[in-house]
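Since the structure comes first, as structure tokens, the remarks are kept for the end.
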Amino acid sequence: PKLNLRVCHSRPLPVARRPVPAPLSMSVARKDSYNITLMPGDGIGPEIMTATVKVLEAAAKKHGISFAFTEAPIGGVALDLTGEPFPASSLATCKAADSILLACIGGPKWDALPRASRPESGLLALRKELGLFANLRPATVMRQLVEASTLKREVVEGVDIMVVRELTGDVYFGTPKGIEVDEATGMRKGFSNMIYYENEVRRIAKVAFEIARKRDKRVCSVDKANVLDVSQLWRDVVIETHKEEFSDIELSHMYVDNAAMQLIRWPKQFDTIVTGNMFGDILSDEASMLVGSLGMLPSASLGDGSGPGVFEPVHGSAPDIAGQDKANPIANVLSAAMMLRYDLDQPEAAETLEKAVDKVLDAGFRTGDIFSEGMTMVGCIEMGEKLVEAVNSA
106 PKLNLRVCHS RPLPVARRPV PAPLSMSVAR KDSYNITLMP GDGIGPEIMT ATVKVLEAAA
166 KKHGISFAFT EAPIGGVALD LTGEPFPASS LATCKAADSI LLACIGGPKW DALPRASRPE
226 SGLLALRKEL GLFANLRPAT VMRQLVEAST LKREVVEGVD IMVVRELTGD VYFGTPKGIE
286 VDEATGMRKG FSNMIYYENE VRRIAKVAFE IARKRDKRVC SVDKANVLDV SQLWRDVVIE
346 THKEEFSDIE LSHMYVDNAA MQLIRWPKQF DTIVTGNMFG DILSDEASML VGSLGMLPSA
406 SLGDGSGPGV FEPVHGSAPD IAGQDKANPI ANVLSAAMML RYDLDQPEAA ETLEKAVDKV
466 LDAGFRTGDI FSEGMTMVGC IEMGEKLVEA VNSA
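Residues in the sequence shown are numbered consecutively from 106, following this note's numbering.
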């Protein structure tokens, strides 16, 4: 599917002035050469990025295209270099790119810093500055890795879910927020504002329905409308959008607590899930464990196509194994495949990367996080080499 979405405002206009959501489109037209910003980040990030770049270069050679890579710091490494988690120089580099490939950020080294100075604030700033409001997280159980899941084979075999998460609204961005002393009681209180504007809900619903049209034509919208007013608005707008433009899609609704349970009980009931920022953050991580390892799952963060998207693995920076050649680069490679498909209009090259992953897994090669008896254990470097060989032999 041809997806890439961007908003023009970090917060939406008032409802009376709601802009018409932009149509789905590529970030750039198909061409022979692309400028890619690499953001290796922290922890295992540099290792998996190095492996991924080699795989991308092999695919580029096979398909007659080329990449010009430019690195930009984000997260903890940016804090160490500049004192900011997302410096202006990195933003400028990102805006000048055709697409952005990000590995992972964060680590205990920076956990004690004020919230605004933590690595995660850099990621939030990146999404806000680039207007990336749609996060796509596929959770597909590969046939070679059914046994890697902690759930029974009959529960996870054949699972293929796309979680569509809204990225720029909700409690993560709502204001007012903070921690202050209550004048009446003298006690500290913390507060955040869970807020959605109508147009924010409408545009992410459109993304989910468009994706579902290319899948099994089923969307489950997840909210907490029995308790939260903001979720009632969410449900109302999703229903309106469905009725107006997407009546060919089957729409269902589920409360978030039930959805969390159903994802474990019988995940095959889901095809496309659409939900808000916080619920999506939680549910997409839960869905990822159906696959058996976070090291296998890519994601895409997209805007309206007027600028680059950001493609990154779902997993964190894993500082406990950083520098030990134990990381799994597959999620980052599959994120690069999503970049090729959604941002760069190179679906053939994307398929080459995906088939390479399939071939290497068929051959029995596994990093530690997905290892099982009878397989061949490899490190990050060797896994990258095997993927390059698979691309070259395709």
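Think of the CB as a built atom: it goes at the ideal place given N, C-alpha and C, for glycine as much as any other residue. These numbers come from a predicted model, not from an experiment.
Annotated three-state conformation of Tyr301 is coil, per DSSP. Assignment of Asp328 by DSSP, reduced to helix, strand and coil, places it in the strand class. With 16 or more other Cβ atoms inside 10 Å of its own Cβ, Glu152 counts as buried. Cβ contact annotation for Leu196 (same chain, cutoff 7 Å, sequence separation greater than five): Glu234, in chain order. When the beta-carbon positions are compared, Ile179 and Gly227 come within less than 9 Å of each other. Here the C-alpha atom of Lys159 lies approximately 49 Å from the C-alpha atom of Val332. Under DSSP, the beta-bridge partners assigned to Glu355 are Arg323.
The three-state secondary structure of Phe384, taken from DSSP, is helix. Per the Cβ contact rule, the stretch 432 to 439 is not in contact with the stretch 183 to 202 (fewer than 3 Cβ pairs under 8 Å). Per DSSP, reduced to three states, the secondary structure at Leu492 is helical. In the three-state scheme derived from DSSP, where H, G and I count as helix and E and B as strand, Leu458 is classed as helix. Your pair Ala455 and Leu445 checks out as a contact, with CB atoms roughly 4 Å apart and the cut at 8 Å. For Pro243, same chain residues with a beta-carbon under 6 Å away, outside a window of 5 residues either side, are Met267 in chain order.
The stretch 412 to 453 contains, as complete alpha helix (DSSP H) runs of 4+ residues, the segments 435 to 447 (chain order).
Rounded to whole angstroms, the separation of the alpha carbons of Glu225 and Ala183 is 11 Å.
Residue pairing for Ile475: DSSP places it in no beta bridge. Rounded to whole angstroms, the Cβ separation of Leu407 and Ser393 is 19 Å, and the two are not in contact under 8 Å.
Taking a contact to require three or more Cβ pairs closer than 8 Å, the stretch 374 to 391 and the stretch 261 to 279 qualify as touching.
Apart from sequence neighbours up to five positions away, the residues of its chain that approach Met443 with a beta-carbon distance below 6 Å are Pro403, Ala405 and Phe416, ordered along the chain. Looking at the DSSP output, Ser204 bridges to Ile141. Note that the C-beta distance between Tyr360 and Ala313 is not below 9 Å.
Setting aside the 5 residues that flank it on each side, Gly473 is surrounded in the same chain by Lys431 and Met482, each with a C-beta closer than 7 Å to its C-beta; the list follows chain order.
Taking Lys373 as the centre and dropping the five residues before and after it, the same chain places the C-beta of Gly263 and Val264 closer than 7 Å to its C-beta, in chain order. Assigned with DSSP and collapsed to three states, Leu235 falls in helix. If you draw a straight line from the Cα of Thr142 to the Cα of Lys166, it comes to about 19 Å. In the three-state DSSP reduction, Ala134 falls in the coil class, being neither helix nor strand. DSSP, read as helix, strand or coil, puts Pro372 in helix. Thr175 sits in a strand when the DSSP states are folded into three classes. Within the same chain, and ignoring the five residues on either side of Pro145 in sequence, the residues whose Cβ sits closer than 6 Å to its Cβ are Pro151, Met154 and Ala208. In the structure shown, Ala405 adopts extended strand secondary structure according to DSSP, grouped into three states. Per the C-alpha coordinates, the member of Leu218, Ala436 and Gly412 positioned closest to Ser422 is Ala436. If you draw a straight line from the Cα of Arg370 to the Cα of Leu388, it comes to about 14 Å. Looking only at Ile149, Leu458 and Val260, the smallest Cα-Cα distance to Ala427 is reached by Ile149. DSSP, read as helix, strand or coil, puts Arg220 in helix.
Distances from the alpha-carbon of Ala495 to those of Cys485, Ala253 and Lys464 put Lys464 closest.
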